[in-house]
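Take 1 as the starting number for the sequence shown in UniProt numbering and just add one per residue.
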Amino acid sequence: MSLTELAQQTLAIQDQGAYQAPSGRRVEIAGQQAQAVDRTRLYTPEDLIQLDGQAMATRAQTTQITVTEETTQAAVRRLVQDEGIEDPVVLNFASARHVGGGFLKGARAQEEDLVRCSGLFRCLETQQSTYYAINRAQSSLLYTDHMIYSPGVPWFRDEALILLETPFLASVITAPAPNAGPHLQRHPGDQEVVRQTLRRRAHNILRVAEAQRHSVLVLGAWGAGVFKNNPVDVAAAFGELLEGPFAGHFRHVVFAVVDATKEQPRLRAFQARFR
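As structure tokens, this is what we get:
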């Protein structure tokens, strides 16, 4: 089955609320899917400023930070199904302008991988007239600070795209990194602007995760692929926040990083920052 055909199957599963597992058993997800769609919400920049003005919960725990060489989907499935973690939250390295990025066309990137494995697409679709329309109306490739939060999304494929006998739930924060490559071509002196945007948006991601009471997060080399953000800057943005204002606010943060290049600069940047 091609990835475009698989995309259509994935949408059908969400719309029908059920699928046939490899064993032949019918697996029902209709209630979970409907709830995830209904509870998906937009965070506007104004919402985030207001949220930031509220006192953060005081937590006296040590945050375990690990860097793993695996996909986001592999990491979240491992945490839930192998380690028994309930309701982790996953960062979707999102397109700012297209629901699910190139999912319908069979593109291969982190967001498309997440959308192929879960009920996320129909959740994101609810924000066509808000998050996506607002970003499409902007000429800046830094995009806006709007974010989407989708709680309890059902996941029904593994990292090999095999349908699961038992689906699981994980929440998703959808946030675009700045599209640094073309932005810096237009504005070559904006390196610091890009770094500030990364840090502000990373702060917002962690603030939403905390406000929604998630203790386990799956992050990664957000924006360090086709958007060409420096992975050292991405790792630094999250590192400064997790060791600063968010120190002890989460139990476990996993940076799942896939880097198939020979020198592995993305993986090495995170390993160096969090060793």
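Just so it is clear, CB atoms sit at the ideal spot from N, CA and C, and this is done for glycine as well.
Candidates the options, of which the one nearest residue i by Cα
i           : options                   : result
A209        : E28, T261 and V89         : V89
T144        : F238, V257, Q8 and A202   : A202
E46         : L219, A170, N204 and P231 : N204
L91         : V27, I49 and A175         : A175
residue 282 : H214, L184 and T130       : Here the chain has residues from 1 to 275 only, and residue 282 is not among them.
G220        : W155, I49 and F255        : F255
G223        : A96, R26, D15 and N179    : N179
T197        : A237, P231, P245 and P182 : A237
Simplified DSSP state of residue i, which is helix, strand or coil
i    : result
Q61  : coil
Y143 : coil
G244 : coil
R275 : coil
Residue i - partner residues in DSSP beta bridges
i    : result
E86  : Partner(s): none; E86 has no beta bridge.
W155 : S118 and F168
A175 : F93
T68  : A256
R26  : Q20
G220 : A256
R41  : Y149
Beta-carbon proximity check, residue i vs residue j, cutoff 9 Å
i    : j    : result
T62  : G239 : no
S150 : L124 : yes
V258 : T71  : yes
R266 : D233 : no
A272 : Q54  : no
Residue-chain proximity (residue i, chain C), Cβ-Cβ < 9 Å
i    : result
S140 : The chain labelled as chain C is not found in the depicted structure, where only one protein chain is given.
Contacting residues, own chain, Cβ-Cβ under 7 Å from residue i (five flanking each side not counted)
i           : result
L242        : T63, I65 and V253
D52         : R207
D158        : R77 and L164
residue 277 : Within the shown structure, residues of the chain are numbered from 1 to 275, placing residue 277 beyond reach of any answer.
Same chain only: Cβ atoms within 8 Å of residue i, ignoring 5 sequence neighbours per side
i    : result
G17  : E28, I29, A30, G31, Q33 and A34
A109 : F93, G101, G102, G225 and V226
V193 : L142 and H187
P22  : I162, L163 and E165
Sequence-distant residues of the same chain with beta carbon closer than 6 Å to residue i, five excluded per side
i  : result
T4 : G106
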